[in-house]
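Engineer:
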Amino acid sequence: MTAGIIIAVIGSFAFAAAAVLQALGADQVAQRAAVREERRQSSKAHPSLRSTVATMLTVPFLVGFVFDIIGFVATILSARLIPLFLSQTIISARLVATALLAMVVLHVRLAMRDWVAGTVVVASLVLLAVSAGSEGAQNDRWMHWAVLVAGPVLFGLGLMCMRMLHKHIAAATGLMAGAVFGVMAIASRLVDGLDEFDLMAMFTDPALYALLFSGITGFYLFTVALQTGSVNGAAAALVVGQTVLPGAVGIIFLGDVTRTGWGPVAIVAFVAAVAGGVALASSGAVTAVESADATNMPTGYGHPPREQRQMTG
């Protein structure tokens, strides 16, 4: 149990570092003249493939990608060592770490409510860790195929949100990215042959391909979310999707349990952790460095002028 919690904490901080660095990369791309012109001439609310690829090729984004890999490995390992409702909630605490890092790197000003929300999340995680029992041993074969189907379906919904919405694209796309990452966590738990490193069992298991597909497509959707809103807003929406789906699946289908008598405590702590994330998402804090050069920020793609950009998506 302890090893799984430590690994999940490492993954949480790795993802937070990645999110801030990737947001920095997205901001660099937004300031380039070619992209400004592309946005000015386009009536689309979503970022183009060109701007998304350009974002991925910036130095901060590539460094952030290294942290993403660390986070992905931590997600896989922790999902197999502790219950999903605990591992994914700890991983999702990246939001608190993201807010703190954004305060230092992106000069985001945190209000008192942000500090209170962060404290609630941390306290809730402690209660969840204390109340968590052992991870379940259920592993029905149909689940291996279900995650293979669920990943593409959720990714398709994410693309629809990206192309059809004109407002709140970051929140909607971030939410779908979180759900896709949730599928990745579930698939991580299901993959055969991982513990004993049986390559034949692994490569003939559809859950392995669900894991790979969900990791890649979730990463893409979150990159889009970072381009259409602030880092904290996108991360907050991702937290909800990444926590609720795998937590529920773990309890209902995989046999994850709490310690005897601690069920109500775990439920309250889980809800409080998600609520704390939502509170951070609705924060009104403004990025100081963005406000300083607001007049240079182009509009379009659902990305408001810098003086209006907040921590929310």
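For the sequence shown, the numbering used here gives the first residue as 2, with consecutive numbering after it. Virtual Cβ for every residue (Gly too), placed ideally from N, Cα, C.
Pick helix, strand or coil for Ala133, following the three-state DSSP scheme.
Structural biologist: Reduced to three states, the DSSP call for Ala133 is strand.
Engineer: Using a 10 Å radius around the Cβ and a threshold of 16 neighbouring Cβ atoms, would you call Thr3 buried or exposed?
Structural biologist: Per the 10 Å Cβ criterion, exposed.
Engineer: Is Ala180 near Gly262, with beta carbons less than 8 Å apart?
Structural biologist: Contact flag unset, no.
Engineer: Quick check on DSSP: helix, strand or coil for Val109?
Structural biologist: Reduced to three states, the DSSP call for Val109 is strand.
Engineer: With a CB to CB cut of under 7 Å and the five nearest residues on each side skipped, what residues in its chain are close to Gly273?
Structural biologist: Before going on, a small fix: residue 273 reads as Ala here, not Gly. So the list reads Val121 and Ser125, once near-sequence residues are dropped.
Engineer: Can you name, in chain order, every residue of its own chain whose Cβ lies under 8 Å from the Cβ of Val290, other than the five neighbours on each side?
Structural biologist: In this prediction, Val290 scores a pLDDT of 32, lower than 50, which makes its location untrustworthy; the coordinate-derived value is nonetheless stated afterwards. Closer than 8 Å at the Cβ level, and outside the excluded window around Val290, lie Leu107 and His108.
Engineer: Any idea what DSSP makes of Thr3, helix, strand or coil?
Structural biologist: Thr3: helix per DSSP, three-state reduction.
Engineer: Looking only at its own chain, which residues have a Cβ that is under 6 Å from the Cβ of Gly137, when we skip the five neighbours before and after it?
Structural biologist: So the qualifying residues of the chain are Leu255, Gly256 and Asp257.
Engineer: Mapping the DSSP letters down to three states, classify Thr259 as helix, strand or coil.
Structural biologist: Looking at Thr259 - three-state DSSP - the assignment turns out to be strand.
Engineer: My assumption, with CB atoms under 8 Å, is that Phe214 sits in contact with Arg95. Please give the rounded CB distance.
Structural biologist: Going by Cβ atoms, the distance from Phe214 to Arg95 rounds to 22 Å, so no, they are not a contact pair.
Engineer: Take Leu85 as the anchor and find which of Leu191, Gly277 and Met104 has the nearest alpha-carbon.
Structural biologist: Out of Leu191, Gly277 and Met104, Leu191 has the C-alpha closest to the C-alpha of Leu85.
Engineer: Distance, Cα to Cα, Val184 vs Phe223?
Structural biologist: If you take the alpha carbons of Val184 and Phe223, they lie about 15 Å apart.
Engineer: Nearest by alpha-carbon distance to Val266: which of Ile6, Gly248 and Ala130 is it?
Structural biologist: Taking only the C-alpha atoms, the option nearest Val266 is Ala130.
Engineer: Rounded to whole angstroms, what is the Cα-Cα separation between Gly278 and Val97?
Structural biologist: Using only the alpha carbons, I get a separation of about 8 Å.
Engineer: Determine the contact status of Val148 and Ala188, defining contact as a CB-CB distance below 8 Å.
Structural biologist: Cβ distance < 8 Å, so Val148 and Ala188 count as in contact.
Engineer: On the three-state DSSP scale, how would you describe Leu281?
Structural biologist: Three-state result, Leu281: helix.
Engineer: Where does Val60 sit, in a helix, a strand or coil, going by DSSP?
Structural biologist: Three-state result, Val60: helix.
Engineer: Under the three-state reduction of DSSP, which class applies to Gly12: helix, strand or coil?
Structural biologist: Of the three classes helix, strand and coil, the one that applies to Gly12 here is helix, per DSSP.
Engineer: Does the separation of the CB atoms of Leu209 and Met201 fall below 8 Å?
Structural biologist: No, the pair does not count as a contact, with Cβ atoms beyond the cut-off.
Engineer: Does DSSP put Leu195 in a helix, a strand or coil?
Structural biologist: In the structure shown, Leu195 sits in coil (DSSP, three-state: anything other than H, G, I, E or B).
Engineer: Got a sec? Which residues, its chain only, sit under 6 Å from Ala75 by beta carbon, not counting five neighbours each side?
Structural biologist: Once the five neighbours on either side are set aside, the close Cβ partners of Ala75 are Ile8, Ile11 and Gly12.
Engineer: Taking the alpha helix (DSSP H) that Ala202 falls in, what are its first and last residues?
Structural biologist: From DSSP, the alpha helix (DSSP H) with Ala202 extends over Leu200 to Phe204.
Engineer: Closer than 6 Å by C-beta to Ser79: which residues in its own chain qualify, once you throw out the five before and the five after it? Chain order, please.
Structural biologist: Closer than 6 Å at Cβ, skipping near neighbours: Gly5, Ile8, Ala9 and Ser88.
Engineer: If contacts are defined as beta-carbon pairs under 8 Å, then Gly152 and Ala226 qualify, I think. What distance do you get, rounded to the angstrom?
Structural biologist: Between Ala226 and Gly152 the Cβ distance is about 17 Å, and since that is not below 8 Å, they are no contact.
Engineer: Taking only the alpha-carbon atoms, compute the straight-line gap between Val21 and Met144 and give it to the nearest angstrom.
Structural biologist: Answer to the nearest angstrom: the Cα atoms are 34 Å apart.
Engineer: Below 8 Å on the Cβ atoms is my guess for Gly216 versus Phe68; work out the distance and round it to an integer in Å.
Structural biologist: Actually they are not in contact, since the Cβ atoms of Gly216 and Phe68 sit about 14 Å apart, beyond 8 Å.
Engineer: For Val117, is the classification buried or exposed, using 16 other Cβ atoms within 10 angstroms of its Cβ as the cut-off for buried?
Structural biologist: So Val117 ends up on the exposed side.
Engineer: Smallest Cα separation from Leu82: which of Ala103, Gly134 and Phe271?
Structural biologist: That would be Gly134, whose Cα lies nearest to the Cα of Leu82.
Engineer: So, under 8 Å CB-CB, Met161 and Ile170 are touching, yes? Tell me the CB distance rounded to an integer number of Å.
Structural biologist: So it is not a contact: roughly 11 Å between Cβ atoms.
Engineer: Could you check what DSSP says for Gln139 in three-state terms: helix, strand or coil?
Structural biologist: Here Gln139 sits in coil by DSSP.
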